[in-house]
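Engineer: Dropping the structure in here first, questions after.
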Amino acid sequence: MGTLVMAEGGQFVPPGADSFVLPPIVGGITKPMVLVAISAVLIAAYFVVSTRNLKVVPTKNQFAAEFLYGFSRDSIARDQIGAKDFRPFVPLIFALFTFVLVNNIFGIVPFLQFPTMSKIGFPVALMLVVYVVFHGAGFRRHGFLGYFKHVMFPPGVPKAIYVILAPIEFLQKFVAQPLALAIRVFAAMFAGHLMLLVFILGGEYLLLEASAGFKPISIVAFAFAIALTFVEALIQVLQAYIFALLTANFIGAALSEGH
């Protein structure tokens, strides 16, 4: 849009990666750091308050809290890890789902308007937690050498194929899958927020800076921004679900007896 419109106040410069580099609020503390801390406090406070006085007929808050927990427990942890082994991992799956969800939704909350998972350091930090948990579970279940055998040497494969297959399986389980877990949520939040910035800032530019003939186009830009906000909300929820689902899937695969 900026390449087509030469405005009275100058040419439109579209947002880019530098739009995600925010100045420190105080010292070395940045807005994403504050939002992560706020999310942890909000999640803890909400579930403490919602479950403090449980009722047979639940209030709206109690129902929402029970639904989120039940969804994390039964639809994610139990389904992916298995009824025999899932219970010790429910707190992790529940915490990851709610934490990623809230931090994603910050991207469309007025005044906050920044998805913290669009800063790669936060997904990577969560990925490292998941990495330790699911490989640790695998080593405990199968033993040190047994786990490497479980990962790298699937049964029923001709031995000659292991020369090629074993390194691929190792890289997939120890490098590619964990990196993809972090990059997936980061890329979705980064791209979604960037698209919103393009339409919002582009609409503002057309409205305030462009010549009179182009000002009505700002309505189209703002309409796209509103529509994309709803799409982004759906993606934010889906990415939180996918992150928790893949975490449970990795744990289940590490604990399984078969490959």
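Its first residue numbered 470, the sequence shown is counted upward by one per residue in the working numbering. Where a beta carbon is used, it is the ideal one built from N, C-alpha and C, also for glycine.
1) On the DSSP letters alone, give me the boundaries of the alpha helix (DSSP H) that residue 569 sits inside.
2) Rank 705, 554 and 546 by C-alpha distance to the C-alpha of residue 563 and give the top, closest one.
3) Determine whether the beta carbon atoms of residue 587 and residue 683 lie at a separation below 8 Å.
4) Please state whether DSSP places residue 480 in a helix, a strand or coil.
5) Within 10 angstroms of its Cβ, does residue 477 collect 16 or more other Cβ (buried), or is it exposed?
6) What three-state label does DSSP hand residue 589 in the structure shown?
7) Count the other CB atoms, across all protein chains shown, that sit within 10 Å of the CB of residue 726; report buried if there are 16 or more and exposed otherwise.
8) Pull up the distance between the alpha-carbon of residue 713 and that of residue 680, whole angstroms please.
9) Excluding the 5 residues flanking residue 600 on each side, which residues of the same chain have their C-beta closer than 7 Å to its C-beta?
10) Can you look up residue 498 in the DSSP assignment and give me helix, strand or coil?
11) Inspect the CB distances between the segment 527-536 and the segment 694-702 and report whether three or more fall short of 8 Å.
12) Assuming residue 491 contacts residue 500 under a Cβ cut-off of 8 Å, what Cβ separation, rounded to an integer in Å, is found between them?
13) Taking the alpha helix (DSSP H) that residue 718 belongs to, which residues open and close that run?
14) Could you tell me which uninterrupted alpha helix (DSSP H) segments, each at least 4 residues in length, are contained entirely in the segment 605-671, listed from first to last along the chain?
15) Return the chain-ordered list of same chain residues with a C-beta closer than 8 Å to the C-beta of residue 488, the five sequence neighbours on each side being excluded.
16) Assign residue 585 to buried or exposed, taking buried as 16 or more other Cβ atoms, counted over all protein chains shown, within 10 Å of its Cβ.
17) Locate the alpha helix (DSSP H) running through residue 681, then write down its first and last residues.
18) Output the distance between the C-alpha atoms of residue 518 and residue 508, rounded to the nearest integer angstrom.
19) Taking the alpha carbon of residue 559 as the reference point, which residue from 526, 542, 574 and 595 has its own alpha carbon closest?
20) For the putative contact between residue 498 and residue 721, defined by C-beta atoms under 8 Å, what is the C-beta separation to the nearest angstrom?
21) Tell me which residues share the same chain as residue 676 and place their Cβ nearer than 7 Å to its Cβ, disregarding the 5 neighbours each side in the sequence.
22) Suppose you measure from the CA of residue 711 to the CA of residue 574; what does that come to, to the nearest Å?
23) Please state whether the Cβ-Cβ distance between residue 717 and residue 606 is less than 8 Å.
Structural biologist: For this structure:
1) Here residue 569 is taken as the residue at index 100 of the sequence shown, counted from 1. Unbroken alpha helix (DSSP H) run through residue 569: 559-574.
2) Here the question's residue 563 lines up with position 94 in the sequence shown. Checked all of 705, 554 and 546; the closest Cα to residue 563 is 546.
3) Counted from its first residue, the sequence shown places residue 587 at position 118. Counted from its first residue, the sequence shown places residue 683 at position 214. No, the Cβ-Cβ distance between residue 587 and residue 683 is not below 8 Å.
4) Taking the first residue of the sequence shown as position 1, residue 480 is located at position 11. Correct three-state label for residue 480: strand.
5) Here residue 477 refers to the residue found at position 8 when the sequence shown is read from its first residue. Residue placement at residue 477 cannot be trusted, given a pLDDT of 43 that sits under 50; what the coordinates show is reported in the next sentence. Result: exposed.
6) Position 120 of the sequence shown, counting from 1, holds the residue named residue 589. Residue 589: coil per DSSP, three-state reduction.
7) Here residue 726 refers to the residue found at position 257 of the sequence shown. Residue 726 is exposed by the Cβ-count criterion.
8) Position 244 of the sequence shown, counted from the first residue, corresponds to residue 713. Position 211 of the sequence shown, counted from the first residue, corresponds to residue 680. The alpha-carbon atoms of residue 713 and residue 680 are separated by roughly 48 Å.
9) Within the sequence shown, the letter at position 131 stands for residue 600. If you ignore the 5 residues before and after residue 600, its C-beta comes within less than 7 Å of the C-beta of 647, all in its own chain and listed in chain order.
10) If you number the sequence shown from 1, residue 498 lands on position 29. The answer is strand: DSSP assigns residue 498 an E or B state.
11) No: the two stretches stay apart, fewer than three of their Cβ pairs being nearer than 8 Å.
12) Taking the sequence shown and counting its residues from 1, the one referred to as residue 491 is at position 22. Taking the sequence shown and counting its residues from 1, the one referred to as residue 500 is at position 31. About 5 Å; that satisfies the 8 Å criterion.
13) Taking the first residue of the sequence shown as position 1, residue 718 is located at position 249. Where residue 718 is concerned, the enclosing alpha helix (DSSP H) stretches over 686-724.
14) 613-621 and 631-640
15) The count along the sequence shown starts at 1 and reaches residue 488 at position 19. Around residue 488: 663 and 666.
16) As a position in the sequence shown, residue 585 is number 116, starting the count at 1. So residue 585 counts as buried.
17) Here residue 681 refers to the residue found at position 212 of the sequence shown. Taken as a continuous stretch (DSSP letters only), residue 681 belongs to no alpha helix (DSSP H), as it is neither H nor E.
18) Indexing the sequence shown from 1 puts residue 518 at position 49. Indexing the sequence shown from 1 puts residue 508 at position 39. Looking at the two C-alpha atoms, the distance is approximately 15 Å.
19) Numbered from 1 along the sequence shown, position 90 holds the residue referred to as residue 559. It is 542.
20) Numbered from its first residue, the sequence shown carries residue 498 at position 29. Numbered from its first residue, the sequence shown carries residue 721 at position 252. About 38 Å separates the two Cβ atoms, so there is no contact after all.
21) Residue numbering aside, residue 676 sits at position 207 when the sequence shown is read from its first letter. If the five residues before and after residue 676 are omitted, its C-beta is found closer than 7 Å to the C-beta atoms of 684 and 687, all from its own chain and listed in chain order.
22) For the purposes of this step, residue 711 is identified with residue 242 of the sequence shown, where counting begins at 1. For the purposes of this step, residue 574 is identified with residue 105 of the sequence shown, where counting begins at 1. About 15 Å.
23) Taking the first residue of the sequence shown as 1, we reach residue 717 at position 248. Taking the first residue of the sequence shown as 1, we reach residue 606 at position 137. The answer is no: Cβ separation not under 8 Å.
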